[in-house]
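A.B. asks:
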Amino acid sequence: MGVLYTREQFKGTLTAVESFLTASTGPEGGSINDGTWKSAIYGFADSGKLRSLRKKFGHKPLPVVGSKIKRRSALFYSNEVQQYAVPFMGADPSVVKRSQRFLLEEHQETPVQYGAYAGVGGVANIAKMLFAGMMFWFLVKFDFGRNLLIKFPEFFSFGFFSKDGPTRKQMEGSSFQFAFYGEGYTEGQDPSQGRPNAKIRTLVQGPEAGYVATPIAMVQAAITILNEPTALPKKGGVYTPGAAFSRTTLVERLNKHGIQFSVI
């Protein structure tokens, strides 16, 4: 939805977007329930099967409009968020790509290239992340390793994931920011000629992401489905948020309930 919002606010043809996710915690710190940790374990364990399934679909690559977006390195200092960042390991890139394919095929809209990153803080956090990452990648390949990861989430994630999840005080003191940096071509400019000549920055921000913002988004999405059936895709099936809600007022609803979309 952040990419769609950025495109709607851009005056011209948006061709590329990079997003940077950062999270803030209060004096009580933060934590995530180990259900998310388990999802990551099983997801990485079956990543080979996912690649095989995607190949069976036989989708052609989305056309690249404008200058091709440059992929960042595995670890870099981001001037955008003023901290070190890494490629985002979640499903966002796949979800955005699927949304762009739907909008191209169903509505002939120009596809937007997308790169997703997450801020990880300073040098101390990098050291923890590298150690935890190496342990994770080694153990997740084997049954006994996955069992260890599942049994001791706090140890292997340096307390980031726990069986108890965040306390109420931790949730009250936490928030997230999703910064989107887009580039493209102003109205009247041909994207096939030259480099992008316009930029935009948008921001999606809200309360604690996992247990406060997510329920808000789910409820507002459900209300949107009930109230705006004619704005939804005509055929049934499984859709990404961008594909399902691109013609609805979901963003406006989220803005009214604590998840704010804005142009910076």
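Residues 1 to 264 in UniProt numbering are what the sequence shown spells out, letter by letter.
Ideal placement from N, C-alpha and C gives every residue a C-beta, glycine not left out.
Everything numeric in this text was worked out from a predicted model, so none of it was measured.
What did DSSP end up calling THR110 once you bin it into helix, strand or coil?
C.D. replies: Three-state DSSP puts THR110 in coil, outside helix and strand.
A.B. asks: Under the rule that 16 or more other beta-carbon atoms within 10 Å means buried, what is GLN113, buried or exposed?
C.D. replies: Buried, since its Cβ has 16 or more Cβ neighbours within 10 Å.
A.B. asks: Please list, in chain order, all residues of the same chain as SER19 whose beta carbon is under 8 angstroms from its beta carbon, the five residues on each side excluded.
C.D. replies: Counting only Cβ-Cβ distances below 8 angstroms, and skipping sequence neighbours, we find GLY2, VAL3, PHE88, ASP92, TYR114, GLY115, ALA116, TYR117, PHE178, ALA179, PHE180 and TYR181.
A.B. asks: Have a look at the DSSP bridge pairing and note the partners of GLU183.
C.D. replies: ALA16 and LYS199, per the DSSP bridge assignment.
A.B. asks: Using 8 angstroms as the threshold, is the C-beta distance between VAL65 and PRO27 below it?
C.D. replies: Going by C-beta atoms, VAL65 is not nearer than 8 angstroms to PRO27.
A.B. asks: Which of helix, strand or coil does DSSP assign to ILE32?
C.D. replies: ILE32: strand per DSSP, three-state reduction.
A.B. asks: Which value, in whole angstroms, describes the spacing of the CA atoms of GLU172 and SER67?
C.D. replies: C-alpha separation (whole angstroms): 42 angstroms.
A.B. asks: In this structure, does DSSP put GLN177 in helix, strand or coil?
C.D. replies: Note: GLN177 maps to strand in three-state DSSP.
A.B. asks: Suppose you measure from the CA of LYS235 to the CA of GLY242; what does that come to, to the nearest Å?
C.D. replies: So the alpha carbons of these two residues sit roughly 15 angstroms apart.
A.B. asks: On the DSSP bridge list, what partners appear for GLY206?
C.D. replies: Partner(s): PHE176.
A.B. asks: Spatial neighbours of LEU149 within its chain, please: C-beta separation below 8 angstroms, excluding the five flanking residues on both sides.
C.D. replies: Here the set comprises TRP37, ILE41, PHE136, LEU139, VAL140 and PHE156.
A.B. asks: Ordered along the chain, which non-local residues of its own chain (more than five positions away) have a Cβ less than 6 angstroms from that of VAL240?
C.D. replies: Residue 240 is actually Thr in this sequence, not Val. So the list reads VAL95, ARG98 and SER99, once near-sequence residues are dropped.
A.B. asks: Can you tell me which of the three DSSP states GLY145 falls into?
C.D. replies: Reduced to three states, the DSSP call for GLY145 is helix.
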